[in-house]
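Q:
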Amino acid sequence: MPGVQADKKQPPAAPSRPAPSVHVRGLRAFYGRAERVKGIDLDLPANEVTAIIGPSGCGKSTMIRCINRLHEEIAGARSEGRVLLDSVNIYDPAVDVIAVRRAIGMVFQRPNPFPAMSIFDNVAAGPRLSGVRRERLRQRVQDALESAGLWHEVHDRLSQPALALSGGQQQRLCIARALAVEPEVILMDEPCSALDPTATLRIEELLDDLKSRVTIAIVTHNMQQAARVADRTAFLLDGELIEVGPTQEIFTTPRDRRTEDYVTGKFG
């Protein structure tokens, strides 16, 4: 994983392909004394989409926030265990947390463009902080917007406020913002829950293209969405990983009765 050691001063290099796998081992996460993630072992295979499903409050969002070390930013929150980006434990004390969050990007449930910035500056913010030179910045922004399927819609109004975009466009802008720092992994926490069906379809189409370059995990309550976009699906319940496997198997021939009950709508 380029750039994660604390003594490395250069910005992370562009990720090599294939993208890295993520290996979660013995992950436990707490809010104060309350344990919300209970000893999870989970692999996110390289260049695949892994859907994380389960009822509200089961630990899905907490788990993926641990994968890029955002969980620890919450007052009273802590985690235990290991998260390996290929062979690098991102919880090693020598690891640069900022570099981790560049390598493992996050897209949240509701679009959150920087409100006081233009479309261009929203995407350029990360590369600027990473030291990308001015002469390369515009190309980096264009590449990210093209990857997010947004360039042709906004190329002639890059100086306009990001909040002038529609909700679906704002979410793709946030994806472009994540891509602009050239991450190796992208985590998505219900990225389509606030979007209309047309915007949701655009995001889902993007995932199929993006996985050729990055490893993706997506938290979703939408079973149809998981079935459409994911190569593998993991089912969480009460903070525990109940079952994980190829998506078709999870939805048609699950091994655990609790998985079957959830995907068929008997609870959740």
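Taking the numbering used here, the leading residue of the sequence shown gets 985, the next gets one more, and so forth. Glycine included, every Cβ here is placed at the ideal spot set by N, Cα and C.
Kindly list the residues whose CB is nearer than 7 Å to the CB of Phe1235, restricted to its own chain and excluding five residues on each side of it in sequence; keep chain order.
A: The answer, listed in chain order, is Ala1211 and Val1247.
Q: How long is the line joining the alpha carbons of Asp1245 and Ile1037, rounded to whole angstroms?
A: Using only the alpha carbons, I get a separation of about 13 Å.
Q: Can the beta-carbon of Ala1013 be found less than 8 Å from the beta-carbon of Ser1063?
A: For Ala1013 and Ser1063, yes; Cβs fall inside 8 Å.
Q: What residue range is occupied by the uninterrupted beta strand (DSSP E) comprising Glu1019?
A: Looking at the DSSP string, the run of the beta strand (DSSP E) that includes Glu1019 is Ala1018 to Leu1028.
Q: Just the Cα atoms here: how many angstroms apart are Met1047 and Val1021?
A: Each residue's alpha carbon lies about 7 Å from the other.
Q: Less than 8 Å separating the beta-carbons of Pro1029 and Arg1216?
A: Their beta carbons are under 8 Å apart, which means Pro1029 touches Arg1216 by this criterion.
Q: Are the CB atoms of His1007 and Asp1027 within a distance shorter than 8 Å?
A: The answer is yes: Cβ separation under 8 Å.
Q: Between Met1207 and Asn1073, what straight-line distance do the alpha-carbon atoms span, to the nearest angstrom?
A: Computed Cα separation, rounded: 32 Å.
Q: With a 10 Å radius around its C-beta and 16 neighbouring C-beta atoms as the bar for buried, classify Glu1174 as buried or exposed.
A: Buried, because 16 or more other Cβ atoms sit within 10 Å of the Cβ of Glu1174.
Q: What does DSSP give as the partner residue(s) for Gly1038 in the beta ladder?
A: BP columns for Gly1038 are empty, so no partner.
Q: Taking DSSP as the reference, what is the three-state secondary structure of Gly1246?
A: The residue you asked about is not Gly; residue 1246 is Tyr in the sequence shown. Three-state result, Tyr1246: helix.
Q: Tell whether a beta-carbon distance below 8 Å holds between Arg1124 and Pro1145.
A: Contact: no.
Q: CB-CB under 6 Å to Gly1016, same chain, minus the five flanking residues each way: which ones, in chain order?
A: Result list for Gly1016: Gly1060, in chain order.
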